[in-house]
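85 is the number that UniProt numbering gives to position 85 of the sequence shown; each next residue is one higher, with no gaps. The beta carbon of each residue, even a glycine, is placed where N, CA and C say it ideally should be. Below is one structure, written out as structure tokens, with a few remarks after it.
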Amino acid sequence: GEIEIIDYKTGATIPTQKDVDKNLQLSFYALAANKIPTEPFFKIPEKIRLSLYYLDQQQKLSTVRSMKQLESAVAEISKVREEIEKSDFKCSNHMFCQTGCEFSLFCKSDK
1 GEIEIIDYKT
11 GATIPTQKDV
21 DKNLQLSFYA
31 LAANKIPTEP
41 FFKIPEKIRL
51 SLYYLDQQQK
61 LSTVRSMKQL
71 ESAVAEISKV
81 REEIEKSDFK
91 CSNHMFCQTG
101 CEFSLFCKSD
111 K
């Protein structure tokens, strides 16, 4: 059988189908579902339906991935990981900094 992974969204702009088809977060979910060796998971990518459900608009956009797309996603995720590992992540005094983000205890922007 198939499985469906639904990511519920609030207050967001609805993307195009093309954006959903390329969404890296959905690819990450498909990778996890493909690799977990127990039911209901461990499915070939084409049997994993990936959906974004926009609560405010009550609209669902769905897609599937191929094995080739998942392999590309692994490469992209690895690149992102490398960039994260070599980054400093200094606070930019973004608007979230003024509203109190969850990392404010560790942030040095106000010192």
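Relative to the Cα of residue 24, the nearest Cα in the group 67, 13 and 74 belongs to 74. In the DSSP annotation of this structure, the continuous segment of the alpha helix (DSSP H) that includes residue 70 starts and ends at 67–85.
For residue 24, the uninterrupted alpha helix (DSSP H) run begins and ends at 24–35, by DSSP. Contact annotation: residue 34 and residue 70 have beta-carbon atoms nearer than 9 angstroms. Shown here for residue 4: same chain residues with a beta carbon closer than 7 angstroms to its own, the five before and five after excluded, namely 49 and 51 in chain order.
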